[in-house]
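In full-length UniProt numbering, the protein residues as written are 1 to 582. Below: one structure, written as structure tokens.
Right under this line is the structure:
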């Protein structure tokens, strides 16, 4: 979603509505939302601001197919162009919390650890991470890694880069990730040690995101106010080239890259804020591809013959965020009734163009990589059915004495998933005797729902698509801990809080996931949010290029370096016009 103020917060998908990535980390959340507001105000729409995909979702093949990847390239490229629905406000890694910024930044700056296209964590700039005791992480750095200015990465650069995330003057979007950090120190020429106040099994996972990015201390200080907008001295396979404000950003292949060189010498990101214009650019060959495809364009792109539309694991769920439990929705029976009456299948068909799966779980199964069958059973198989039960829902409304009472859901002209979900909730309420009012607000006001309590006044709920930045359901489930920034309704349960602390306090993955299964059960039973659907990520590439990852890994993985020529004719040529289609 957003940019001037960053992550953990929320992301809004250009044509498909608000996508969020929030965690218990307060400041990161706060920043994302602010960015969303800025993008919305500038564009007139909200600009947004992760186990193998083949087994993670259980989506029926008849709906659509998830691809683990795309065909490998057959050659290198002189350049390719990519569509972005918004222009980043900055590429400062500390502020990178949204789709536009992270999609570009992931190719320029690298982190201590790396999130792979298969959504697994592997060594990145750190060649190994050691965990000698529950509160200590030791990162041994790769030798001979060069920054884009030619200087060599040192432990001092790592300490400086991570310290920036905790500096109040920086106001980092990812500051909350470091809330449990006691110290970050250089313990060798190529070694950095992080000491935590208490055990935190989630912290090291975020070192594969923008929270763990390493940049040049000298470069940051030399750039001053231009850091992130005119200068970006990092270690990635591409370095920042020309930034044509309002039009495009160019990335140039870095010849001194320590890893496998990028297959393309240049990448140009074109800013196309209008969904139709973005789709037409893909159809005509004005751009070679893009992520975050508008749902209403899926069929046109599929049928065009000029390229291929792929779907992959997104670790995303579409939900109804309950923001007020002091009013009618304070009665758990009313929230349960709305969930029981909601036509999830109808929403997937209309709002997601059939490319999703109805769900009554707050998290996607792919985020439970490593969970044993018993844990998966507890986390998913014991949840309520997604099939509407109007009789039960009506009975609950009557028992709660809520017949005829009014609740309000916010909507906005962001995308059909937002507007149609609000309409579906209203229809469900009407069926069971509840008066659901839909309040349409401007995109920037909708973005403000994530950051401004005043903006949520008079609103009981709103649609929210939430994506995970790590392959761990805790990234979402921690939202309901007492005092969490996105716990807008003020839910508080000592039992829930205790489970969150137990889960984050153990290094045993199986044990942690078993606890998180209990958390999901509690959150769904109480309908703290109302889960609606799993929604895959989408990527389109025309016939001249291939190699892009299909999963949401592109937010933190150098995906553009994998893209090359789909055939020998496309090698060493620029983007070509393939003719109008569709």
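By construction, the Cβ of each residue, glycine as well, lies at the ideal position given by its N, Cα and C atoms.
7 Å Cβ shell around residue i - same chain, five flanking residues per side excluded
i           : result
residue 93  : 105, 109, 210, 213 and 215
residue 497 : 481 and 482
residue 242 : 250
residue 160 : 217
residue 344 : 358, 386, 532 and 533
residue 472 : 202, 205 and 367
residue 80  : 264, 267, 288, 545, 563 and 575
Pairwise C-alpha distance: residue j and residue i
i           : j           : result
residue 400 : residue 89  : 47 Å
residue 410 : residue 346 : 20 Å
residue 441 : residue 568 : 50 Å
residue 43  : residue 274 : The predicted position of residue 43 is uncertain, since its pLDDT is 30 and thus under 50; a value taken from the coordinates is nonetheless stated next. Those two C-alpha atoms are separated by around 9 Å.
residue 432 : residue 506 : 43 Å
residue 542 : residue 75  : 15 Å
residue 556 : residue 397 : 45 Å
residue 561 : residue 539 : 16 Å
residue 85  : residue 297 : 14 Å
residue 524 : residue 362 : 7 Å
residue 367 : residue 512 : 13 Å
residue 390 : residue 336 : 11 Å
residue 388 : residue 199 : 42 Å
residue 554 : residue 403 : 47 Å
residue 422 : residue 448 : 17 Å
residue 317 : residue 307 : 27 Å
residue 559 : residue 107 : 7 Å
residue 394 : residue 417 : 26 Å
residue 369 : residue 119 : 9 Å
residue 135 : residue 208 : 19 Å
6 Å CB neighbourhood of residue i in its chain, flanking five on each side removed
i           : result
residue 124 : 110, 111, 112, 113 and 114
residue 590 : What is shown of the chain runs 1 to 582, which leaves residue 590 out entirely.
residue 138 : 130 and 193
residue 305 : none
residue 405 : 328
residue 257 : 237
residue 252 : 239, 241 and 266
residue 223 : 231
residue 565 : 73, 74, 75, 77 and 571
residue 100 : 84, 86 and 88
residue 220 : 227
residue 375 : 513, 514 and 517
residue 348 : 356, 358 and 533
Other residues of its chain near residue i: CB distance less than 8 Å, five sequence neighbours each side excluded
i           : result
residue 302 : 309
residue 527 : 322, 332, 335, 336, 338 and 339
residue 70  : 308, 310, 539, 541, 546, 547, 548, 549 and 550
Three-state class that DSSP yields for residue i in the structure shown
i           : result
residue 178 : helix
residue 119 : coil
residue 466 : strand
residue 270 : strand
residue 540 : strand
residue 196 : strand
residue 227 : strand
residue 238 : strand
residue 142 : coil
residue 291 : strand
residue 481 : coil
residue 368 : helix
residue 446 : helix
residue 429 : helix
residue 529 : strand
residue 535 : coil
residue 518 : helix
residue 217 : helix
residue 153 : coil
residue 297 : helix
residue 598 : Outside the shown range of the chain (1 to 582) lies residue 598, about which nothing can therefore be said.
residue 133 : strand
residue 258 : coil
residue 339 : helix
residue 499 : helix
residue 205 : helix
Residue-level contact to chain B via CB, residue i, 7 Å cutoff
i           : result
residue 557 : Judged by its chain identifiers, the structure shown contains no chain B, having just a single protein chain.
Inset, instruction - Answer yes if the stretch 474-490 comes into contact with the stretch 322-329, meaning at least three C-beta pairs across the two stretches below 8 Å, and no otherwise. - result: yes
Inset, instruction - Check whether the stretch 233-243 touches the stretch 145-164, counting contact only when three or more Cβ pairs, one atom from each stretch, lie closer than 8 Å. - result: yes
Inset, instruction - Indicate whether the contact test is met: 3 or more Cβ pairs, each with one atom in the stretch 189-208 and one in the stretch 118-135, closer than 8 Å. - result: yes
Inset, instruction - Only counting runs of 3 or more residues, tell me where the beta strand (DSSP E) segments fall wholly within the stretch 303-334, in order along the chain. - result: 307-312 and 316-322
Inset, instruction - Give a yes or no on contact between the stretch 456-464 and the stretch 182-190, applying the rule of three or more CB pairs nearer than 8 Å. - result: no
Inset, instruction - Could you name each continuous alpha helix (DSSP H) segment of 4 residues or more that falls completely within the stretch 344-419, going from the start of the chain to the end? - result: 344-351, 373-376 and 390-399
Legend entry - Segments of 4+ residues assigned as alpha helix (DSSP H) that fall wholly inside the stretch 73-120: 99-105
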